[in-house]
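Numbering (our numbering), first residue to last: 2 to 326. Positions of the beta carbon are idealized from the N, C-alpha and C atoms, including for glycine. I have placed the structure first, in the form of structure tokens, so that the comments after it can refer back to it.
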């Protein structure tokens, strides 16, 4: 499993490396950039299939694979954490990313800024994928923020449109609020458990649950994680940005609706041992999810615009997801 983990990580890092490619050069070499992006995402998808099949066929327990050892005492090693949820989400993200990349080739063919578009598309897909397989909370947070940054750049693809600017900056403000919640959760997690490594953290949480010694700090961590997830997945009242992002290219909307807004739900699933220490937070999450699903479902059928109707449909589905979490 380690060779596959290393290879898929290299593919993801290659996509993230697009951050350092100037848009001016990307636009001049648009054909090369779009081909490279599509190929890298396709390779990642094939490797994700191999990892998912390997974990399913062999019934392998969750694995924490250290790829780069750093400052171990601070929990800053570059670890990959692979289990059923991570492999499934990696497969989903890479497959949707590949389809979006292929569709974008024709959708933006002839546009002057398509090189810049594919640069940020590759970066965003790589950031989401890195977040999914992160075995370290700090690495998870970096990928979380990078995902938001990449999406912000994609939302500003048509910079001359005022509506695109309004939607992008509204999303930016709400995302920073979610980042603050997640930072608070990370700080309290390290102060309480003394580690950022997911495998070690989950082990300590299991020991804590066995002794039933849950404190106010543990409950606060659960609340902060829930609030971070709610802001990321466009739950009421943080949903307003999603229906206004219709000025972005259609492939970006597809990636956003099918992949990126699921990050909040993935946060709850990934950190479920910690969130479970705060039953009231979970109950509140269920209420918010149920209300969002009903509210967005009603609003959806009143929208004259098909795109806005689909946006509210996505919000409703995210509400159902939070209810199930």
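#### Entry: Whole-angstrom distance between residue 20 and residue 153, CA atom to CA atom
Mapped onto the chain shown, residue 153 falls at position 152. Mapped onto the chain shown, residue 20 falls at position 19. C-alpha separation (whole angstroms): 13 Å.
### Task
Have a look at residue 165 and residue 295 and give me their C-alpha separation to the nearest angstrom.
Position 164 of the chain shown, counted from the start, is the residue given in the question as residue 165. Position 294 of the chain shown, counted from the start, is the residue given in the question as residue 295. Using only the alpha carbons, I get a separation of about 27 Å.
### Task
Could you spell out the range, first to last residue, of the beta strand (DSSP E) harbouring residue 80?
If you number the chain shown from 1, residue 80 lands on position 79. 79-83 is the span of the beta strand (DSSP E), which, as asked, contains residue 80.
### Message
If we require 3 or more residues per run, which beta strand (DSSP E) segments fall completely within the stretch 193-225?
### Response
none
### Burial state of residue 261 (16 or more Cβ within 10 Å)
Stepping through the chain shown from its first residue, residue 261 is reached at position 260. Classification of residue 261: buried, given that the 10 Å Cβ count is 16 or more.
### Message
Can you list, in chain order, the residues of its chain with a C-beta nearer than 7 Å to that of residue 276? Leave out the 5 residues immediately preceding and following it.
### Response
Within the chain shown, residue 276 is the residue found at index 275, counting from 1. For residue 276, where only same-chain residues beyond five positions count, the Cβ hits under 7 Å are 223, 226, 227, 269, 282 and 283.
### Message
My output table needs one value for residue 318: the three-state DSSP class, helix, strand or coil.
### Response
Taking the first residue of the chain shown as position 1, residue 318 is located at position 317. Three-state DSSP puts residue 318 in a helix.
### Query
Looking at residue 231 and residue 265, is the spacing between their C-beta atoms short of 8 Å?
Numbered from its first residue, the chain shown carries residue 265 at position 264. Numbered from its first residue, the chain shown carries residue 231 at position 230. Going by C-beta atoms, residue 265 is nearer than 8 Å to residue 231.
### Message
Just to confirm the assignment, what range does the alpha helix (DSSP H) spanning residue 130 have?
### Response
For the purposes of this step, residue 130 is identified with residue 129 of the chain shown, where counting begins at 1. Looking at the DSSP string, the run of the alpha helix (DSSP H) that includes residue 130 is 115-134.
### Pair within 8 Å by beta-carbon distance, residue 116 and residue 27
Along the chain shown, read from residue 1 onward, the residue named residue 116 stands at position 115. Along the chain shown, read from residue 1 onward, the residue named residue 27 stands at position 26. Yes, the Cβ-Cβ distance between residue 116 and residue 27 is below 8 Å.
### Task
Give the straight-line distance between the Cα atoms of residue 246 and residue 169, rounded to the nearest whole angstrom.
By one-based count along the chain shown, residue 246 stands at place 245. By one-based count along the chain shown, residue 169 stands at place 168. One C-alpha to the other measures close to 7 Å.
### Task
Tell me whether residue 236 sits in a helix, a strand or coil according to DSSP, three-state version.
Position 235 of the chain shown, counted from the start, is the residue given in the question as residue 236. Three-state result, residue 236: coil.
### Task
Taking only the alpha-carbon atoms, compute the straight-line gap between residue 312 and residue 301 and give it to the nearest angstrom.
Residue 312 sits at position 311 when you count from the first residue of the chain shown. Residue 301 sits at position 300 when you count from the first residue of the chain shown. Looking at the two C-alpha atoms, the distance is approximately 8 Å.
### residue 178 to residue 229 span [Cα, whole Å]
For the purposes of this step, residue 178 is taken as residue 177 along the chain shown, with counting starting at 1. For the purposes of this step, residue 229 is taken as residue 228 along the chain shown, with counting starting at 1. For the pair residue 178 and residue 229, the Cα-to-Cα distance works out to about 8 Å.
### Query
If you run the structure through DSSP and keep just helix, strand and coil, what is residue 304?
Position 303 of the chain shown, counting from 1, holds the residue named residue 304. The answer is coil: DSSP assigns residue 304 none of H, G, I, E or B.
#### Entry: Cβ contact (3+ pairs, closer than 8 Å) linking the stretch 139-151 and the stretch 34-49
With a cut-off of 8 Å, the stretch 34-49 and the stretch 139-151 do not count as touching, because too few Cβ pairs lie within range.
### Task
Using only alpha-carbon positions, find the residue among 48, 248 and 291 that is nearest to residue 162.
Taking the first residue of the chain shown as position 1, residue 162 is located at position 161. Comparing Cα-Cα distances from residue 162 to each of 48, 248 and 291, the minimum goes to 248.
### Residue span of the alpha helix (DSSP H) that contains residue 260, given as start and end
Taking the first residue of the chain shown as position 1, residue 260 is located at position 259. Where residue 260 is concerned, there is no enclosing alpha helix (DSSP H), given that its DSSP letter is neither H nor E.
### Query
Can residue 53 and residue 92 be called in contact, C-beta distance under 8 Å?
To locate residue 53, count along the chain shown from 1; it is residue 52. To locate residue 92, count along the chain shown from 1; it is residue 91. Cβ distance < 8 Å, so residue 53 and residue 92 count as in contact.
### Task
If I'm right that residue 126 touches residue 98 with Cβ under 8 Å, what's the distance once you round it to whole angstroms?
Sequence index remark: in the chain shown, residue 126 carries index 125 (1-based). Sequence index remark: in the chain shown, residue 98 carries index 97 (1-based). About 4 Å separates the two Cβ atoms, so the contact holds.
### Message
Checking 8 Å against the spacing of the C-beta atoms, do residue 17 and residue 128 come in under that value?
### Response
As a position in the chain shown, residue 17 is number 16, starting the count at 1. As a position in the chain shown, residue 128 is number 127, starting the count at 1. Contact flag set, yes.
### Query
Can you name the residues that DSSP bridges to residue 64?
Counting from one through the chain shown, the residue named residue 64 turns up at place 63. Answer is 83.
### Query
Candidates 233, 278 and 185: which alpha carbon is nearest residue 208's?
What you label residue 208 is simply residue 207 of the chain shown in a count that begins at 1. The candidate whose alpha carbon is nearest that of residue 208 is 278.
### Query
Which residue from 103, 197, 272 and 155 puts its Cα closest to that of residue 80?
By one-based count along the chain shown, residue 80 stands at place 79. Closest by alpha carbon: 197.
### Proximity winner among 167, 237 and 50, relative to residue 286 (alpha-carbon distances)
For this step, residue 286 is matched to residue 285 along the chain shown. For residue 286, the closest C-alpha among the options 167, 237 and 50 is that of 237.
### residue 137 - partner residues in DSSP beta bridges
Here residue 137 refers to the residue found at position 136 when the chain shown is read from its first residue. DSSP, once it has assigned bridges, lists 198 as partnering residue 137.
### Query
Where does residue 189 fall in DSSP's three states?
By 1-based counting over the chain shown, the position of residue 189 is 188. Residue 189 falls in the helix class under three-state DSSP.
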